[in-house]
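Here the structure comes first, spelled out in C-alpha cells, and everything after it is commentary.
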Amino acid sequence: MKVLVVGGGGREHALVWKIAQSPKVTKVLAAPGNAGIAEEPKAQCVDISATDIEALRDFALQEKIDLTVVGPEEPLVKGIVDVFQDAGLTIFGPTKAAALLEGSKAFAKQFMKEMGIPTAEFEVFDDPEKAKDYIRSKGAPIVVKADGLAAGKGSIVCKTLDEALTAVDRIMVEKAFGDAGNKVVVEEFLKGEEASFIVITDGENIVPLASSQDHKPVFDNDEGPNTGGMGAYSPAPVVTEEVFNRAMNEIVIPTIKGMKEKGIPFKGVLYVGLMIIEDKYPKVLEFNVRFGDPEAQPILMRMKTDLVDALMASIEGGLDKCNIEYSDEAAVCVVMASGGYPGKYEKGKVIYGLEEVAKMEKVKVFHAGTKKVNGNFVTNGGRVLGVTALGENIKKAIDRAYEAVSKIHWDKVHYRKDIGAKALRRLGLL
Ligand code: AMP
Ligand code: GLY
4 MKVLVVGGGG REHALVWKIA QSPKVTKVLA APGNAGIAEE PKAQCVDISA
54 TDIEALRDFA LQEKIDLTVV GPEEPLVKGI VDVFQDAGLT IFGPTKAAAL
104 LEGSKAFAKQ FMKEMGIPTA EFEVFDDPEK AKDYIRSKGA PIVVKADGLA
154 AGKGSIVCKT LDEALTAVDR IMVEKAFGDA GNKVVVEEFL KGEEASFIVI
204 TDGENIVPLA SSQDHKPVFD NDEGPNTGGM GAYSPAPVVT EEVFNRAMNE
254 IVIPTIKGMK EKGIPFKGVL YVGLMIIEDK YPKVLEFNVR FGDPEAQPIL
304 MRMKTDLVDA LMASIEGGLD KCNIEYSDEA AVCVVMASGG YPGKYEKGKV
354 IYGLEEVAKM EKVKVFHAGT KKVNGNFVTN GGRVLGVTAL GENIKKAIDR
404 AYEAVSKIHW DKVHYRKDIG AKALRRLGLL
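Residues in the sequence shown are numbered consecutively from 4, following this note's numbering.
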C-alpha cells in the first residue's frame, strides 16, 4: 500500500513512523512533512501544503495512493474527505458536515444540548452587546470562545468580568481570529482535571484509544498562555474505570449515535477534550475530529497493533472486529519549543544532540517544526521536537524522556519541566 499523510507536525511524524511499520505499507508520502519525517524508512516528503486540497487530490490520483490520513483539522473542516471521495480515493476521516463538531463550537454545543451530553452551560451570540449583557448577568469566572477554528487560541478563560468583556471585543469586534469570531459561545467555567479521550469510529462501532493527558499552558504549573500542547503522557490515571465508562456511555456513544441519527455519520478520530469534575464526572470541553498533537505521540508509541487495520476498518466498516493492543509501559512526550512560542520566536537555530539521543533505547524524537540546512537540523517552528519515551511506569518514562531532553539543545530552547507531574501526584509518587 502507498499511504499519504497530510500535515507536517509532531503528530504527523508519529503517524508516518507508525504507519511505515505496517507490513502492508510499501511507501509513506507526507505533505508537506518535515525534516524528521524525511529520515523515516519508507517515507518521503512532498512540497504540498496541508490545506491545498485540490493539489493533494491531484497528487493522490497521480501517485495512485491507496490510503490518505489527515493530521490537522483545517483540511478536514474544509472538506478534504468529500473531495477525495468524489475522486474515488480512499481517505480516513470525517466529511465536511461531520467535521463541524470541531469546525463550529456553536454547532457542537447545540448538538450536545440536543443529545443531553454533559458539557458546560452556554449561550451562543452573534451580537457582541448581547454577549456582554449575558456575561454581566452571569459574572466571572466565565469562558468566551470563538465559534470557528482559531489554531487552539480561540478559547479565552476569563477570571474577571473585565477580561470577559474584552475577550468579546477581541473576538467579535477586532476579529482577532477573522470570521471564526462571527459568533461566540459564552460558557460556564468548569473546575476539574482535563484528559484527552480519543476514539476511532466507523460511524457505528467505536474503538477507544489509550487515555492521555495534554499540557496546554506554556509554563510549568499550567501558567502562561495556552499553546497547541507542551507535552503529553499515556495512560492518564485521572481516567479511572468509572470515568472511562461514563465518558463512553454518556458522551462518546450518544455522540456517534446522534450524528448518525442526524444523517451526518461520523467516521474517523473523535477526540473529546474532557474536564473531569470531582474525579468522577466527565464533561465535554471540546470535540476535535483528528488525533491530538502531542497526544498521538505517546499513544502511538505504546500501540502494538497495526494502525492501518484500524484506519481501514473505520473507512470500510467492521471496526467491531478490530482490537487495538498497547504495551503495558507508560509513554511520555516532552515538547521542546522555540523560546517565545506561542508568541513571536526565532527560527533557523541549529539543533544539537540528536545523534546522542538516537542511541538511547525506548526513546523516539518526533520532529515538528524542523528543516535540514547544510546537513544540520534547524528549528523551523514554535513546537520543534516531541521527545517521547517509554518506561515500565510513568515515573521511569518521565525520567527517560527528560534524560533525552537534557542531551538536546539549541539557542533559546524552551520546554516544561513538569510533564507528567499530575500523574505522579495522583499516584502518590510526588
Ligand atoms: P477548548 O479550545 O474549548 O478546548 O479550550 C481550550 C482550553 O481552555 C481547555 O483545554 C481548557 O483548559 C480551557 N477551557 C475551555 N473551556 C473551559 C471551561 N468551560 N471551563 C474551564 N476551562 C475551560
Ligand atoms: N493537544 C491538543 C490538540 O491536539 O488539540
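Don't be surprised by glycine CBs; every beta carbon is placed ideally from N, CA and C.
Classify Asp172: buried if its beta carbon has 16 or more other beta carbons within 10 angstroms, exposed otherwise. As a position in the sequence shown, residue 172 is number 169, starting the count at 1. By the Cβ neighbour-count rule, Asp172 is exposed, with fewer than 16 other Cβ atoms within 10 Å of its own.
Pairwise C-alpha distance: Val337 and Ala313: By one-based count along the sequence shown, residue 313 stands at place 310. By one-based count along the sequence shown, residue 337 stands at place 334. Going by the C-alpha atoms only, they are around 27 angstroms apart.
For the putative contact between Ala46 and Ile40, defined by C-beta atoms under 8 angstroms, what is the C-beta separation to the nearest angstrom? Numbered from 1 along the sequence shown, position 43 holds the residue referred to as residue 46. Numbered from 1 along the sequence shown, position 37 holds the residue referred to as residue 40. Correct: roughly 6 angstroms between the Cβ atoms.
Under 8 angstroms between C-beta atoms of Ile318 and Phe95: As a first step, residue 318 must be located in the sequence shown, where it is residue number 315. As a first step, residue 95 must be located in the sequence shown, where it is residue number 92. For Ile318 and Phe95, yes; Cβs fall inside 8 angstroms.
Sequence ranges, alpha helix (DSSP H) only - wholly within the region 159-225, length at least 4: Taking 4 residues as the shortest admissible run, the region 159-225 contains the following complete alpha helix (DSSP H) segments, listed from N- to C-terminal end: 164-171.
By a C-beta neighbour count over all protein chains shown, 10 Å radius and 16 as the cutoff for buried, is Glu15 buried or exposed? As a first step, residue 15 must be located in the sequence shown, where it is residue number 12. Under the 10 Å beta carbon count, Glu15 is surrounded by 16 or more other beta carbons and is classified as buried.
For the pair the region 203-215 and the region 257-275, tell me if three or more CB-CB distances fall below 8 angstroms. The region 203-215, when compared against the region 257-275, does touch it at the 8 angstroms Cβ threshold.
Alpha carbon of Arg419 to alpha carbon of Val221, nearest angstrom: Position 416 of the sequence shown, counting from 1, holds the residue named residue 419. Position 218 of the sequence shown, counting from 1, holds the residue named residue 221. In a straight line, the C-alpha of Arg419 is about 7 angstroms away from that of Val221.
Tell me the DSSP secondary structure of Ala102 in three-state form. As a working mapping, residue 102 is identified with position 99 in the sequence shown. DSSP places Ala102 outside both helix and strand once states are collapsed to three, so it counts as coil.
So, using beta-carbon positions, are Gly231 and Val335 closer together than 8 angstroms? Taking the first residue of the sequence shown as 1, we reach residue 231 at position 228. Taking the first residue of the sequence shown as 1, we reach residue 335 at position 332. The criterion of a C-beta distance shorter than 8 angstroms is not satisfied by Gly231 and Val335.
Verify whether the separation of the beta carbon atoms of Val72 and Tyr137 is less than 8 angstroms. Within the sequence shown, numbered from 1, the residue matching residue 72 stands at position 69. Within the sequence shown, numbered from 1, the residue matching residue 137 stands at position 134. Between Val72 and Tyr137, the gap from beta carbon to beta carbon reaches 8 angstroms or more.
Does the beta carbon of Lys219 fall short of 7 angstroms from some heavy atom of the ligand AMP? The residue given as residue 219 occupies position 216 in the sequence shown. For the ligand AMP, at least one heavy atom lies less than 7 angstroms from the Cβ of Lys219.
Could you tell me the boundaries of the beta strand (DSSP E) in which Thr391 lies? Along the sequence shown, read from residue 1 onward, the residue named residue 391 stands at position 388. Boundaries of the beta strand (DSSP E) around Thr391: 386-394.
Taking the alpha-carbon of Asp414 as reference, which of Val160, Ser341, Val366, Leu393 has the nearest alpha-carbon? For the purposes of this step, residue 414 is taken as the residue at position 411 of the sequence shown. Ranking Val160, Ser341, Val366, Leu393 by Cα distance to Asp414 puts Ser341 first.
Length of the line joining the Cα atoms of Glu191 and Leu79: Within the sequence shown, residue 191 is the residue found at index 188, counting from 1. Within the sequence shown, residue 79 is the residue found at index 76, counting from 1. Computed Cα separation, rounded: 28 angstroms.
Hey, out of Gly74, Asp69, Met262, Ala102, whose CA is closest to Asp85's CA? Counting from 1 along the sequence shown, the entry for residue 85 is found at position 82. The shortest C-alpha separation from Asp85 is found at Ala102.
Report yes if the C-beta of Glu126 is less than 7 angstroms from at least one heavy atom of the ligand AMP; otherwise report no. Walking along the sequence shown from the start, residue 126 turns up at place 123. In this structure, Glu126 has its CB at a distance of at least 7 angstroms from all heavy atoms of the ligand AMP.
8 angstroms Cβ cutoff, Val202 in contact with chain D: In summary, chain D is missing from the structure at hand, where a single protein chain is found.
6 angstroms CB neighbourhood of Val241 in its chain, flanking five on each side removed: What you label residue 241 is simply residue 238 of the sequence shown in a count that begins at 1. Once the five neighbours on either side are set aside, the close Cβ partners of Val241 are Glu196, Ala198, Ile279.
Are Lys30 and Lys5 touching if we call contact CB-CB under 8 angstroms? Here residue 30 refers to the residue found at position 27 when the sequence shown is read from its first residue. Here residue 5 refers to the residue found at position 2 when the sequence shown is read from its first residue. Inclusion of Lys30 and Lys5 in the CB contact set at 8 angstroms is warranted, their separation being smaller than that value.
At which residues does the alpha helix (DSSP H) containing Asn248 begin and terminate? Taking the sequence shown and counting its residues from 1, the one referred to as residue 248 is at position 245. First-last of the alpha helix (DSSP H) with Asn248: 244-249.
If you drop the 5 nearest sequence neighbours on each side, which residues of the same chain put their C-beta closer than 6 angstroms to that of Gly82? Residue 82 sits at position 79 when you count from the first residue of the sequence shown. The answer, listed in chain order, is Lys99.
Is Ser52 near the ligand AMP, in the sense that its beta carbon is under 7 angstroms from a heavy atom of that ligand? Position 49 of the sequence shown, counted from the first residue, corresponds to residue 52. No, the beta carbon of Ser52 sits no closer than 7 angstroms to any heavy atom of the ligand AMP.
Measuring straight from C-alpha to C-alpha, what distance separates Ile51 and Ala58? By 1-based counting over the sequence shown, the position of residue 51 is 48. By 1-based counting over the sequence shown, the position of residue 58 is 55. Their backbone Cα atoms lie some 7 angstroms apart in a straight line.
For Ala38, does the count of other Cβ atoms within 10 angstroms reach 16, so buried, or fall short, so exposed? In the sequence shown, the residue the question calls residue 38 occupies position 35. Burial check for Ala38: the Cβ neighbour count within 10 Å reaches 16 or more, so the residue is buried.
Helix, strand or coil: which one does DSSP assign to Tyr274? Translated into positions along the sequence shown, residue 274 becomes position 271. Strand at Tyr274.
Range covered by the beta strand (DSSP E) that runs through Gln24: Mapped onto the sequence shown, residue 24 falls at position 21. According to the DSSP assignment, Gln24 belongs to no beta strand (DSSP E), since it is labelled neither H nor E.
Looking at the secondary structure, which residues open and close the alpha helix (DSSP H) in which Ala316 lies? Counted from its first residue, the sequence shown places residue 316 at position 313. Where Ala316 is concerned, the enclosing alpha helix (DSSP H) stretches over 310-319.
Is Ile397 near Leu430, with beta carbons less than 8 angstroms apart? Start at 1 with the first residue of the sequence shown, and residue 397 comes out as number 394. Start at 1 with the first residue of the sequence shown, and residue 430 comes out as number 427. In this structure, Ile397 sits near Leu430, with a CB-CB distance shorter than 8 angstroms.
For Glu124 and Met262, the rounded distance between their alpha carbons: On the sequence shown, position 259 is the one that residue 262 refers to. On the sequence shown, position 121 is the one that residue 124 refers to. Rounded to the nearest angstrom, the two C-alpha atoms are 21 angstroms apart.
So, Gly74 versus Phe294, is the Cβ gap smaller than 8 angstroms? Translated into positions along the sequence shown, residue 74 becomes position 71. Translated into positions along the sequence shown, residue 294 becomes position 291. Between Gly74 and Phe294, the CB-CB gap stays under 8 angstroms.
Comparing alpha-carbon positions, which option in Asp182, Asn379, His417, Ile56 lies nearest Gly389? Taking the sequence shown and counting its residues from 1, one reaches residue 389 at position 386. Nearest of Asp182, Asn379, His417, Ile56 to Gly389, Cα basis: His417.
Judging by CA-CA distance, which residue of Asn383, Ile411, Tyr344, Tyr329 is the nearest neighbour of Glu358? Within the sequence shown, the letter at position 355 stands for residue 358. Checking every option, the nearest Cα to that of Glu358 belongs to Ile411.
Using 7 angstroms as the cut-off, classify the Cβ of Asp296 as near or not near the heavy atoms of the ligand SAH, replying yes or no. For the ligand SAH, the structure offers nothing, since it holds only the ligand AMP and the ligand GLY.
Closer than 7 angstroms to a non-hydrogen atom of the ligand GLY - does that hold for the CB of Asn229? The residue labelled residue 229 in the question sits at position 226 within the sequence shown. Incorrect: Asn229 has no Cβ contact closer than 7 angstroms to the ligand GLY.
Can you list, in chain order, the residues of its chain with a C-beta nearer than 6 angstroms to that of Gly10? Leave out the 5 residues immediately preceding and following it. Indexing the sequence shown from 1 puts residue 10 at position 7. Within its own chain, the residues whose Cβ lies closer than 6 angstroms to the Cβ of Gly10, once the five positions on either side in sequence are excluded, are Ala53, Gly74, Pro75, listed in chain order.
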